[in-house]
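Residue numbers (the working numbering): 255 to 336.
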Amino acid sequence: ARAWARARGVDLTASTSYGDHSSDLPLLELTGRGVLVGGDAELRERARWRGWRQLPAPAPLSAPLSAPLAAPQSAPVPRLPA
């Protein structure tokens, strides 16, 4: 995230990140405003300690998606002359 932001001139201290899992902690701690969405008790305690905003987890879908998602097709790779 640091390299991506530096290459694009993004100030991470003026950025907001959202997370719902402990694997999101490095990014949440890197930005100026972390927002926890749901999370377990340990994550909620970390959010309270860090002063991050906390949002409830979204409700699960009540019905399955109407059709399965298709796998992306790869584009053909042109052959270069030897």
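All C-beta atoms, glycine included, are put in the ideal place defined by N, C-alpha and C.
Counted as a single uninterrupted DSSP element, the alpha helix (DSSP H) harbouring L279 occupies residues L279 to L284. The beta-carbon distance between L297 and L290, rounded to whole angstroms, is 6 Å. This is short enough to meet the 8 Å contact definition. For L290, the enclosing beta strand (DSSP E) starts and ends at R287 to V291.
With respect to the C-alpha of P314, the residue from G292, R262, Y272 and W303 having the closest C-alpha is G292.
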